[in-house]
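Trainee:
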Amino acid sequence: MTSSSERRGATRRGFLKGTAGLAAMGAGVNLFNINHAWSADAVYEGGVFDAGGATLNIAEWGGFWEEIVRKEMLDAFEKDFNCKIVYESSFPWFPKFVAGGPEKPPFAIANWNYGEMFKTAAAGDFFTPLDEVIENLPNAKNIWPFATATGVGVTWSYTRYCYAYRTDLVDPPIKTFKDFWEEKFAGKRGTYVTSNGLQMDFFIAACALFGKDQYDLAAGYEAMKQAMPMKISDFTGNMQTLLERGEVIVAVQHDAEVYQMMDKGIKVAPYLWEEKKPILTQTKTISKYLEPVQKKLAYALLNLTLDPKLQSVMCEKFYQRPVNKDVVVTPNLASKGVTNTADSTAGYWTPDWKSYNENEADIVETVNGIFAG
Amino acid sequence: MRDEAPVSPVFKAVAMLTLVLLLLPVVIVVLAGLNAGEYLTFPPKGLSLRWVTAFLGSATFMSAYIYSFVLALVSTLISTVLGTLASLYLSRSRSGAAAALRGFFMLPVVLPGVVLGLALYIFYVTTDIGLARTFAGLLIGHVLVTCPFVIATVTASMVGFDLSLEEAARSLGASPWTAFRKITLRLIAPGISAGAIFAFIVSFGQFETTLFLTVPNHEPLPMAMYISLRYKFEPTAAAAGIFAIALVALSTVVSSRLVSLRRVFRA
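Structure (structure tokens):
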């Protein structure tokens, strides 16, 4: 099926591209720039279209995540749009973008957590401006405002930062962000290596809550010192193991993993940070310099990602919270008290990642020194 | 009967301890893969085949396993041929360039794998020669990393090689190729075999160089294991490790047998 916009666009583009191509040949202009001019003209108004077997390069998490995303979305997308998805899961994406430069993006769509996305956005003109992206996403009309608050990408699902604590070993339950520093948790609390996004958010939140504001790095360093001794983990999965074994009884986490542990029968509960409410997002960007058909496919895929049906699947399979207002939270999350309302999604806080990235070298060196003792 | 100096008990103890230290990670991986619990922990919470079954039923892990096997096999074949040829030149050349070339060939081992992988990736992308994120591009990376191991072992087997044997064959009418095939190749076969085994093991377990060269839709096993540990920390990765260890052990045994058979045939 071909949308009306594409039929209109094809005729107009055909004429303009031919004219521009002839002019460019005469003037010796790089053909790439012509294609760029066209990519800005890609329009998607919803529905299915025939991409003529085009390839769409995407970057997203691997493993079980990839299996579910392929099964629930990509396999059908390839058939419906007559295209081929090339899926890359070898994180990190940042060096791959930077190595090729903006004009040779390795991926049409990339899925990010905030830190690296902002770093990439600061490194060059890699991404389609957000306003332009949103114009081409019919499903974006129904998403919460925070989903586009970064100005860089579209957040399509998220989890909340929290502490995970052992309900059988921590009494009374954790009630505030600063409870993590209580003396009784010395050696039994856990966080992550400095390259882990959870530690980055934890550090910035500590700066904000122990200091004047989130830029008060000295307060953050002092908070990390006061939290020692603590267990330092590489990944959240490893932290789950430490919690299960009781080697750690309170740890920095995001709520999806705590809920999964609860449903496995492990005696844990989350304390969702309330003093500052950062969220661990899944955010997608669309590369700026793409062939028109790729860009249109990218819009279509991102639009599908915001569809309530797929958002519900992510709720059910990964305990991810939806950004589409119309999604009814699935029982696995609803049973934990998670809702999808204006009130429950109000007040989310995005740290100043630009500032963090500018100071990253100092922060990493100093915090690594503190963690090393 | 040869007179051998008795091995001191201290030396034996140190050797035994070293052997235990080398084998301990293998034992831990095997036990962790047979863990009955939810997470990759040691000691295991009981023994079970659930994660082995999960590995065998996982499309992601099985395709990664087969992909890594094919990649390692092809890169081993190429590295073995190129490495052997390079070794022959290096061990026989009297040119001053040979020493410099020896160092040059060993560079990929000296360089950190991540640096090599990133450098190759940038080269592929900036030159736009169509190798970025392709099997051929990944294969080149693996050949660069594995070739030095073949060169090192084959060069070692060429030390003290008696050229007069080859000359004798030539004087009896053998062509250069026949003399090489029937004399030189058979004498250095153990070195080639050892190099090929090293190459296979290094390629099969290669992570750092692969990180930037991975082909979309096709993850090698180390990448699949890393991703699994990163997000789920399930023992499936350890179960995959059991099969990786088994494959490497099997390839080692098969290679050794092939060399032994060759010796029997020669005798």
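Residue numbers (the UniProt record's numbering), protein chains in the order written: chain A, 1 to 373; chain B, 1 to 267. C-beta: ideal position from N, C-alpha, C; glycine also. Just so it is clear, the structure is predicted and the values come from calculations on it, not from any experiment.
1. Would you be able to state if there are at least three C-beta pairs under 8 Å between the segment 153–161 of chain A and the segment 229–241 of chain A?
2. Confirm, please, whether the CB-CB distance from phenylalanine 127(A) to isoleucine 279(A) is below 9 Å.
3. Assuming valine 30(B) and serine 87(B) form a contact by the criterion Cβ under 8 Å, report the distance between their Cβ atoms to the nearest whole angstrom.
4. What are the start and end residues of each continuous alpha helix (DSSP H) run of 4 or more residues lying completely inside the segment 276–336 of chain A, in chain order?
5. Could you tell me whether any Cβ in chain B is nearer than 9 Å to the Cβ of residue 374(A)?
6. In chain order, which alpha helix (DSSP H) runs of at least 4 residues are fully inside the segment 88–124 of chain B?
7. Looking at chain B, which residues of the segment 232–264 of chain A have a Cβ within less than 7 Å of any of its Cβ atoms?
8. Residue range of the alpha helix (DSSP H) that threonine 194(A) falls in?
9. Is isoleucine 370(A) helix, strand or coil when you go by DSSP?
10. Using 10 angstroms around the beta-carbon of tryptophan 177(B), count the other beta-carbons present and answer buried if the total reaches 16, otherwise exposed.
11. Of all Cβ atoms in chain B, is any one closer than 9 Å to the Cβ of tyrosine 165(A)?
12. Please report how far the alpha carbon of glutamate 103(A) lies from the alpha carbon of leucine 185(B), in whole angstroms.
13. For the 8 Å Cβ check, are there 3 or more pairs between the segment 266–283 of chain A and the segment 90–107 of chain A?
14. Is there a C-beta anywhere in chain A that falls below 9 Å from the one on alanine 15(B)?
15. Can you tell me whether DSSP reads alanine 240(A) as helix, strand or coil?
16. Measure from the alpha carbon of glycine 237(A) to the alpha carbon of each residue in Gly241(B), Met225(B), Phe204(B), then state which is nearest.
17. Should asparagine 139(A) go down as buried or exposed, given a rule of 16 or more other Cβ atoms within 10 Å for buried?
18. Would leucine 138(B) pass as a contact of valine 248(B) if the rule is Cβ separation under 9 Å?
19. Going by alpha carbons, who is nearest to cysteine 315(A) out of Tyr259(A), Arg245(A), Lys225(A)?
20. Beta-carbon of glycine 37(B) versus every beta-carbon of chain A: anything under 9 Å?
21. Report yes if the CB atom of asparagine 217(B) is closer than 9 Å to the CB atom of tyrosine 87(A), and no otherwise.
22. Please report whether the beta-carbon of serine 8(B) lies at a distance below 9 Å from any beta-carbon of chain A.
23. Ignore the nearest five residues each way along the sequence and tell me which others in valine 293(A)'s own chain have a CB closer than 8 Å to its CB.
24. What in chain A is Cβ-close to phenylalanine 104(B), meaning under 9 Å?
25. Nearest chain C C-beta to phenylalanine 233(B) closer than 9 Å, yes or no?
26. Where does alanine 237(B) land, buried or exposed, given buried means 16+ other C-beta within 10 angstroms?
27. What residue range is occupied by the uninterrupted alpha helix (DSSP H) comprising arginine 230(B)?
28. Cutting at 6 Å between CB atoms, please list the residues of its own chain near alanine 199(B), excluding the five before and the five after it.
29. Hey, tyrosine 165(A) and alanine 256(A) are a contact pair by Cβ (cut 8 Å); roughly how many whole angstroms apart?
30. Going along the chain, which residues of the segment 312–324 of chain A sit with their C-beta nearer than 7 Å to a C-beta in chain B?
31. For the beta strand (DSSP E) holding tyrosine 165(A), just list the boundary residues, first then last.
32. Determine which residues of the segment 197–219 of chain B have a Cβ less than 9 Å from any Cβ of chain A, and write them out in chain order.
33. Which residue from Ile140(B), Ala244(B), Ala169(B), Lys232(B) puts its Cα closest to that of glycine 63(A)?
34. Cβ atoms of glutamate 166(B) and isoleucine 188(B): under 9 Å apart, would you say?
35. Using a threshold of 9 Å, state whether the C-beta atoms of valine 98(A) and alanine 123(A) are closer than that.
36. For aspartate 201(A) and proline 351(A), I'd like the C-alpha separation in whole angstroms.
Mentor: In terms of the structure at hand:
1. no
2. As a working mapping, residue 279(A) is identified with position 279 in the first sequence. As a working mapping, residue 127(A) is identified with position 127 in the first sequence. No, the Cβ-Cβ distance between isoleucine 279(A) and phenylalanine 127(A) is not below 9 Å.
3. If you number the second sequence from 1, residue 30(B) lands on position 30. If you number the second sequence from 1, residue 87(B) lands on position 87. The Cβ separation is near 36 Å, so there is no contact.
4. 292–305, 308–318, 331–334
5. Since the displayed chain A opens at 1 and closes at 373, residue 374(A) lies outside it and no answer follows.
6. 97–110
7. Phe235, Gly237, Asn238, Gln240, Thr241, Glu244, Arg245, Lys264
8. Counting from one through the first sequence, the residue named residue 194(A) turns up at place 194. Taken as a continuous stretch (DSSP letters only), threonine 194(A) belongs to no alpha helix (DSSP H), as it is neither H nor E.
9. Here residue 370(A) refers to the residue found at position 370 when the first sequence is read from its first residue. Helix.
10. Stepping through the second sequence from its first residue, residue 177(B) is reached at position 177. That one is exposed.
11. By 1-based counting over the first sequence, the position of residue 165(A) is 165. So, not an interface residue.
12. Against the first sequence, residue 103(A) aligns to sequence position 103. Against the second sequence, residue 185(B) aligns to sequence position 185. C-alpha separation (whole angstroms): 51 Å.
13. no
14. Position 15 of the second sequence holds residue 15(B). Taking Cβ atoms only, chain A never reaches closer than 9 Å to alanine 15(B), which makes this a no.
15. The sequence position of residue 240(A) within the first sequence is 240, counting from 1. The amino acid at residue 240(A) is misidentified as alanine; the sequence shows glutamine. Helix, per DSSP.
16. Here residue 237(A) refers to the residue found at position 237 of the first sequence. Among Gly241(B), Met225(B), Phe204(B), the Cα nearest to that of glycine 237(A) is on Met225(B).
17. As a first step, residue 139(A) must be located in the first sequence, where it is residue number 139. Classification of asparagine 139(A): buried, given that the 10 Å Cβ count is 16 or more.
18. Along the second sequence, one-based indexing puts residue 138(B) at 138. Along the second sequence, one-based indexing puts residue 248(B) at 248. Not a contact, by the Cβ cut-off of 9 Å.
19. Numbered from 1 along the first sequence, position 315 holds the residue referred to as residue 315(A). Among Tyr259(A), Arg245(A), Lys225(A), the Cα nearest to that of cysteine 315(A) belongs to Tyr259(A).
20. Stepping through the second sequence from its first residue, residue 37(B) is reached at position 37. Chain A contact via Cβ: present.
21. Reading the second sequence from its first residue, position 217 is the one you call residue 217(B). Reading the first sequence from its first residue, position 87 is the one you call residue 87(A). In contact: asparagine 217(B) and tyrosine 87(A) (Cβ atoms closer than 9 Å).
22. Mapped onto the second sequence, residue 8(B) falls at position 8. Judged by the 9 Å Cβ criterion, serine 8(B) is not in contact with chain A.
23. Working through the first sequence from its first residue, we reach residue 293(A) at position 293. Only Ala42, Ala51, Gly52, Ala54 meet the Cβ criterion.
24. Locating residue 104(B) in the second sequence gives position 104, counting from the first residue. Those within 9 Å of phenylalanine 104(B) in chain A number zero; the least Cβ separation is about 25 Å.
25. No chain C appears in the structure shown, which is made up of the protein chains A and B.
26. Within the second sequence, the letter at position 237 stands for residue 237(B). Alanine 237(B) should be labelled buried.
27. The residue given as residue 230(B) occupies position 230 in the second sequence. That run of the alpha helix (DSSP H) goes 221–231.
28. Position 199 of the second sequence, counting from 1, holds the residue named residue 199(B). So the qualifying residues of the chain are Thr76, Ser79, Thr146, Phe149, Val150.
29. For the purposes of this step, residue 165(A) is taken as the residue at position 165 of the first sequence. For the purposes of this step, residue 256(A) is taken as the residue at position 256 of the first sequence. Not confirmed; about 16 Å, so no contact.
30. none
31. Within the first sequence, numbered from 1, the residue matching residue 165(A) stands at position 165. Taken as a continuous stretch (DSSP letters only), the beta strand (DSSP E) holding tyrosine 165(A) covers 154–166.
32. Thr210, Leu211, Phe212, Leu213, Thr214, Val215, Pro216, Asn217, Glu219
33. Numbered from 1 along the first sequence, position 63 holds the residue referred to as residue 63(A). Cα-wise, what sits closest to glycine 63(A) is Lys232(B).
34. For the purposes of this step, residue 188(B) is taken as the residue at position 188 of the second sequence. For the purposes of this step, residue 166(B) is taken as the residue at position 166 of the second sequence. Not in contact: isoleucine 188(B) and glutamate 166(B) (Cβ atoms no closer than 9 Å).
35. Translated into positions along the first sequence, residue 98(A) becomes position 98. Translated into positions along the first sequence, residue 123(A) becomes position 123. Going by C-beta atoms, valine 98(A) is nearer than 9 Å to alanine 123(A).
36. On the first sequence, position 201 is the one that residue 201(A) refers to. On the first sequence, position 351 is the one that residue 351(A) refers to. Looking at the two C-alpha atoms, the distance is approximately 8 Å.
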